[in-house]
Amino acid sequence: QSEYVSAFFTKENVNQRAGSVMIGDLSDPQYFDFISYVQYAVINDQINLNRKVFEEAQGVFGDEGDFENKLIVRDPKLGDRDTIIKLHGERVGDMVLDHLVQEKGLAVSVKERPGIDVLCDNFKKILDMLVENGFCASYTIDTSVKTSKPDPMRTPSQQPYDIRGDRCISVTFERPINLWSQQALVSQNYSLKNNFEAKVLQAFLRRCGVNSRYQTRYASLSIGYDFFLDGYVAPSTASVIPL
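Per our numbering, the sequence shown starts with residue 2, numbered consecutively.
Structure, rendered in structure tokens:
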């Protein structure tokens with residue numbers, strides 16, 4: 002518990018000071034960490050029920066309970082659990098990226114399959130804005146060539162065949178506000194995680210026509226991602242870093 006509490010950093014705001022939790026205030030990193038775990042645990046539980054027809058409470062939840070139950074009939078195309086999880090991640094990533102662009106003034110350059118240096122430069126713009134808005138304390142980013150592991154979303158014949166691996170952009174978030182919650186979801190074997198930081202970076206890659214997959218690294222006070230970029234073949238002179 003002490004390590005968890007000490008993970009949060011002070012930004013000259015008493016509501017963000019380690020040890021004080023402002024219930025209901027999403028700008029409080031400790032409350033955000035807790036409530037996003039609760040939300041994603043509920044979402045995972047509901048997805049795992051795999052219901053095709055169900056009632057959903059819609060509206061504003063407040064003291065007056067201004068909401069109503071509506072009958073939901075799921076699109077047959079969304080009948081597969083893995084499809085729902087994938088689509089959820091894409092929609093959340095797109096919404097976060099749109100918010101940063103439209104509401105926060107993020108200026109990224111969207112081009113069709115640009116060079117890896119251009120991708121990194123735009124990653125840094127997104128990451129700088131996440132730091133500026135208190136999502137994490139800091140970050141590191143680098144590019145490398147790492148041996149690819151099998152992609153669980155592909156058949157054996159579709160797996161990357163380049164034994165040198167794919168070009169990789171590695172990002173590490175120091176003291177992110179979902180540090181505890183994301184690992185708590187993993188410990189409960191939930192497939193859908195509240196890794197908004199990975200979702201928004203993948204959203205940018207999709208807009209650039211870059212298919213990607215990532216692997217996650219957890220440490221006591223950080224979360225890291227290795228984004229493998231399909232079609233960005235490793236240079237013949239590059240050394241391979243095994244995972």
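In this text, a Cβ means the ideal position worked out from N, Cα and C, and glycines have one as well. Note that the coordinates shown come from a computational prediction; the quantities given were computed from them, not determined experimentally.
- Straight-line measurement puts the Cα of G232 at about 26 Å from the Cα of K194.
- Counting every other CB atom within 10 Å of its CB across the protein chains shown gives R168 a total of 16 or more, marking it as buried.
- By DSSP's assignment, G225 forms a beta bridge with T173 and R218.
- A direct Cα-to-Cα measurement between I224 and G60 gives close to 34 Å.
- Going by DSSP, K71 is part of the beta strand (DSSP E) stretching over D67 to V74.
- Taking C-beta atoms as the reference points, R176 and A204 fail to come closer than 8 Å.
- Beta-bridge annotation (DSSP): I142 is paired with V172.
- Taking a cut-off of 8 Å on C-beta distances, the region 47-60 touches the region 74-86, as three or more cross pairs fall below it.
- L50 and S188 have their C-alpha atoms roughly 19 Å apart.
- Residue burial annotation: D227 is buried, with at least 16 other C-beta atoms found within 10 angstroms of its C-beta.
- Between I127 and the set R114, G116 and T141, the nearest pair of CA atoms involves T141.
- When the Cα atoms are used, M96 and V201 turn out to be separated by approximately 8 Å.
- Burial state of P153 is exposed, judged by a 10 Å Cβ sphere holding fewer than 16 other Cβ atoms.
- For H100, the closest of R114, N123 and M130 by C-alpha to C-alpha distance is M130.
- Distance from the CA atom of V211 to the CA atom of Q183, rounded to whole angstroms, is 25 Å.
- As computed with DSSP, L230 is found in a beta bridge with S213.
- The Cβ neighbour count for V172, taken over all protein chains shown within 10 Å, is at least 16; the residue is labelled buried.
- Separation of the CB atoms of V111 and R208 is rounded to 5 Å, and the pair is thereby assigned contact status at 8 Å.
- For the pair E113 and F136, the Cα-to-Cα distance works out to about 28 Å.
- For F33, same chain residues with a beta-carbon under 7 Å away, outside a window of 5 residues either side, are L27 and I178 in chain order.
- The Cβ atoms of L186 and L222 do not sit closer than 8 Å to each other.
- Secondary structure at A58: strand, using DSSP grouped into helix, strand and coil.
- Separation of N45 and M23 (C-alpha to C-alpha, rounded to the nearest whole angstrom) is 26 Å.
- Excluding the 5 residues flanking it on each side, G25 has no same chain C-beta neighbour closer than 6 Å.
- In the structure shown, the three-state DSSP call for Q47 is helix.
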